[in-house]
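Residue numbers (numbering that gives the first Met the number 0): 0 to 66. Yeah, the Cβ is synthetic: ideal placement off N, Cα and C, and Gly gets one too.
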Amino acid sequence: MATNKPKRKTYSDEFKEFLVQEAPSLGRSIASIARDNGINQNLLHNWKREHKGKQSRMNTLFFYDLK
0 MATNKPKRKT YSDEFKEFLV QEAPSLGRSI ASIARDNGIN QNLLHNWKRE HKGKQSRMNT
60 LFFYDLK
């Protein structure tokens, strides 16, 4: 039995990162950026959380003691 569910829209990593970095650099709210780009603000908050997690993992990579 086939269903005609619409597929979820996918966004590139570059697009996500651009939107996540746009808010603090321009002093705009997450809600206004999400609204202007036609996405749910919760989705943008999730991307922001993921981006922050990636940044902290990257920072820990550089602090290993190589003795």
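Handout entry: residue 18 vs residue 43 beta-carbon contact at 8 Å
Key = Result yes, Cβ atoms of residue 18 and residue 43 sit closer than 8 Å.
Practice task
Go to residue 27, then tell me how far its alpha helix (DSSP H) extends in each direction, as first and last residue.
Solution key: Looking at the DSSP string, residue 27 is not in any alpha helix (DSSP H), and its letter there is neither H nor E.
Exercise for the section: Work out the CA separation of residue 55 and residue 32 for me, nearest whole Å. Expected result: Cα to Cα, the separation comes out at about 24 Å.
Problem - Inter-residue Cα distance where the pair is residue 22 and residue 9 - result: 21 Å
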